[in-house]
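So the structure is just underneath, and the comments pick up after that.
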Amino acid sequence: MDGLRGHTANDGRHRPPTREGTVKGVLVDTSVWVEHFRNNSPELVNLLSQDRVLIHPMVIGELACGTPPDRSNTLTDLGDLRGAQQPTVSEVIAFLNTHKLYGLGCGLVDMTLLASALLSGTALWTLDKRLERLASRMAVSYQPSTH
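Residue 136 in full-length UniProt numbering is what sits at position 136 of the sequence shown, and the numbering runs on without skipping anything.
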């Protein structure tokens, strides 16, 4: 975790709160991690220090495809974070069909993270505009206090 900090089948009706201090956990999208590695996000550091960050294997996989700082330690630290619930691909497809989320510019990884946030009862923090719109629509968007 020091490496991360050092870089000083739900139906969709579940609505976790998104105000600062009321969210049990925040599933952090790859886009937020990439920005943090470039410019240090005090908000992410704060969430990490409060043990409120959740991770998904797809996020670790996407980051592993790139070159995060101190790559080996960072990927290990990410793997040590609390894991979000993981829907199956069949559950994700059923979810996107039920909520008519297809054809909106988000791929399988994005849809998986959105479904995972709903299943986990957490908010989803992303910098991806399309995914953010869907997270807002599903009432799971995390809005950092620093933005």
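We put the beta carbon where it would ideally sit given N, CA and C, even for glycine.
Judged by pairs of C-beta atoms under 8 Å, the stretch 118-133 does not touch the stretch 64-77, as fewer than three such pairs exist.
Counting C-beta pairs closer than 8 Å gives three or more between the stretch 103-111 and the stretch 127-139, which meets the contact rule. Boundaries of the beta strand (DSSP E) harbouring V28: 26-28, taken from the DSSP string. Where V89 is concerned, the enclosing alpha helix (DSSP H) starts and stops at 89-98. Collapsing the DSSP output to three states places S141 in a strand.
In terms of Cβ geometry, S90 and L27 do not form a close pair [threshold 8 Å].
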